[in-house]
Amino acid sequence: INGAGTITLGTSGSGGFLQSGNITNNSTGVLVLSNSSSGDLTVAGAISGSGAVTLQQSTSGNLFVNSANSYSGGTTIQHTGTGIIGISNSAAFGSGTVTIAGAGTNYIRNYLNNLNVTNALVINNGSTLRLATTNSGWKGTYSGLISGGGGITYQFTDTQILNNTNNSFGGGVDIASAT
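Listed below in structure tokens is the structure:
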């Protein structure tokens, strides 16, 4: 993908979609991966290049990012639905900053044990980042700098580690009862 336009790849309705080919995004625009479906959108191919990616999830369907991605333009997460954004690789968000921009709760779930997400995270004002892993005995680590005005919520029996001593997000951490 080259040029200045925005490319949207996704699904709507009740069906799902599997994107299995690799994508090279060198656009000055944004590659939008969007799920507005009750089905799942699975991005299985690797994304590379200098362009930015936006992950939009707006319904009960899930959006899965499974590959080790190397794109450097950053990731924006706009989660407004009840489904999740699931990752199966520590490099799922490429190498740039991840911005949590969806109003309300933005749900990221690790689908492999011991993932270590090293990206810097910015949680915007009005946004909450909800972290979880798939199984109660699993561990997820976020070692990149976490900043911004939003907060983090955690309510499960798995282990989440925020492993950067310089974290400076303003919304605090809400640890609720395990469900």
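With the first letter of the sequence shown counted as 1, position 119 gets the number 119 in the working numbering; the numbers rise by one all the way through.
Ideal Cβ positions, reconstructed from N, Cα and C, are used throughout, including at glycine.
Just so it is clear, the structure is predicted and the values come from calculations on it, not from any experiment.
Coarse secondary structure for residue i, derived from DSSP in three states
i: F64; result: strand
i: G182; result: Given a span of 1 to 179 for the chain in the structure shown, any question on residue 182 remains unanswerable.
i: D158; result: coil
i: F93; result: coil
i: I84; result: coil
i: A52; result: strand
i: A132; result: strand
i: S147; result: strand
i: T28; result: coil
i: T59; result: coil
i: N35; result: strand
i: D40; result: coil
i: S14; result: coil
i: S20; result: coil
i: S72; result: coil
i: D174; result: strand
One or two residues paired with residue i in a DSSP bridge
i: A103; result: DSSP output for A103 lists no bridge partner at all.
i: N116; result: T141
i: F169; result: According to DSSP, which records beta bridges pairwise, F169 is partnered with nothing at all.
i: N110; result: I87 and T133
CB-CB length for residue i against residue j, believed under 8 Å
i: N119; j: T141; result: Their Cβ separation, rounded to whole angstroms, is 12 Å, which puts N119 and T141 out of contact at 8 Å.
i: I47; j: I23; result: 5 Å
i: S20; j: A44; result: 5 Å
i: G35; j: Q56; result: For clarity, residue 35 is Asn in the given sequence; the question names Gly instead. Going by Cβ atoms, the distance from N35 to Q56 rounds to 7 Å, so yes, they are a contact pair.
i: T80; j: S58; result: 5 Å
i: N164; j: G144; result: 6 Å
Residues near residue i by beta carbon distance below 6 Å, same chain, minus five either side
i: S147; result: V122, S168 and F169
i: T76; result: T54, T99 and A101
i: N113; result: W138
i: A52; result: V30, G73 and G74
i: R109; result: I84, G86 and A132
i: F93; result: T75 and N119
Residues of its chain near residue i, where Cβ-Cβ distance is below 8 Å and the 5 sequence neighbours each way are ignored
i: N135; result: N113 and D158
Residue i Cβ short of 7 Å to the ligand FAD heavy atom set
i: Q57; result: Of the ligands one can find in the structure shown there are none, so the ligand FAD has no counterpart to examine.
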